[in-house]
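Going by full-length UniProt numbering, the sequence shown opens with residue 1, and the numbers climb by one from there.
Virtual Cβ for every residue (Gly too), placed ideally from N, Cα, C.
Structure first, then comments.
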Amino acid sequence: MSRPREFDVDKVLNQSMEVFWAKGYKATSFEDLTNKTHVKKQSLYGVFQDKRSLFLKALALYRAQNLDSLRELVDRGGAPTEILDTVKSASLCLKNEDSRNGCLMVNTALEFGMSDEEVTKEVEKMFSDVQLVLEEVISKGQAIGEITTRYTSKELGAFLANALRGTRILEKTGVPVEQIETILNTSFGLIKK
Numbered sequence: 001m002s003r004p005r006e007f008d009v010d011k012v013l014n015q016s017m018e019v020f021w022a023k024g025y026k027a028t029s030f031e032d033l034t035n036k037t038h039v040k041k042q043s044l045y046g047v048f049q050d051k052r053s054l055f056l057k058a059l060a061l062y063r064a065q066n067l068d069s070l071r072e073l074v075d076r077g078g079a080p081t082e083i084l085d086t087v088k089s090a091s092l093c094l095k096n097e098d099s100r101n102g103c104l105m106v107n108t109a110l111e112f113g114m115s116d117e118e119v120t121k122e123v124e125k126m127f128s129d130v131q132l133v134l135e136e137v138i139s140k141g142q143a144i145g146e147i148t149t150r151y152t153s154k155e156l157g158a159f160l161a162n163a164l165r166g167t168r169i170l171e172k173t174g175v176p177v178e179q180i181e182t183i184l185n186t187s188f189g190l191i192k193k
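Below, the structure written as structure tokens:
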């Protein structure tokens, strides 16, 4: 008979995500994870098998949390351009600890490139899901004449998603907030009629 779990799996997963986010996958040791979670290595292995499996679950959690936040912004309603302005403003909230870490998915894409198929799939899901949400808002804006129809909603969604990812890289490298704000204001402004 196995022993009952003595820790909150969701809490430990969230804490592990924070470690990977701050340090990256390769630089994170199991000691880092056990120090943050206060769970012994054997117990972590018992639930998550290994560091890579834990990392993949952390990526999925990060994706879910971020998409929930984005969907919440979109579902508040308003005109499509107002929704996009809210998304842009939320992206400019750079004065918290998370901003120094950049975006876990962007960091992971830069760290792994295409070297791990499962990691790449998780990163691509995040990028694709964000783009689809933006496309949805843009399409509604195009239908009512608020957003240019010079390009398709798919093209504009890809453009804005790329601008958001790009600013996360800049953010991580210490580019001043004012420069990031200029880039986002320009990118979001270019699609309006």
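How big is the Cα-Cα spacing for residue i and residue j?
i	j	result
Glu122	Asp129	11 Å
Thr37	Val12	6 Å
residue 194	Val133	Lying before the first or after the last residue shown, residue 194 is absent from the chain, which here runs from 1 to 193.
Glu97	Lys172	Model confidence at Glu97 stands at a pLDDT of 47, short of 50, so the residue's coordinates are unreliable and nothing is read from them.
Leu73	Gly24	28 Å
Phe127	Phe7	32 Å
Leu184	Ala60	26 Å
Ala90	Ala161	14 Å
Asn66	Gln15	16 Å
Gln179	Leu170	9 Å
Ala143	Ala79	11 Å
Leu164	Val137	15 Å
Asp50	Gly189	45 Å
Lys95	Lys40	With a pLDDT of 46 at Lys95, under the threshold of 50, the modelled position of that residue is not reliable, and the figure given next carries that caveat. Answer to the nearest angstrom: the Cα atoms are 33 Å apart.
Glu31	Ser53	16 Å
Ala22	Ser29	12 Å
Ser43	Asn35	13 Å
Asp75	Glu135	14 Å
Pro176	Tyr45	41 Å
Thr81	Gly174	29 Å
Glu18	Ser69	17 Å
So, residue i versus residue j, is the Cβ gap smaller than 8 Å?
i	j	result
Glu146	Lys193	yes
Gly168	Gly102	The amino acid occupying residue 168 in the given sequence is Arg; Gly does not appear at that position. In this structure, Gly102 lies closer than 8 Å to Arg168 by Cβ.
Phe20	Phe48	no
Met105	Arg71	no
Leu84	Glu181	no
Gly157	Gln131	yes
Ile191	Thr148	yes
Mark residue i as exposed unless 16 or more other C-beta atoms lie within 10 angstroms of its C-beta, in which case mark it buried.
i	result
Val119	buried
Val9	exposed
Asn107	buried
Ser115	exposed
Ala27	exposed
Glu117	exposed
Thr152	exposed
Comparing C-alpha positions only, which one of the options sits nearest to residue i?
i	options	result
Ala58	Leu70, Leu156, Leu33	Leu33
Asp154	Lys140, Arg165, Gly166, Ile144	Before going on, a small fix: residue 154 reads as Lys here, not Asp. Among Lys140, Arg165, Gly166, Ile144, the Cα nearest to that of Lys154 is on Lys140.
Leu110	Phe30, Gly166, Ser69	Gly166
Ser187	Lys51, Phe159, Asp75, Lys41	Phe159
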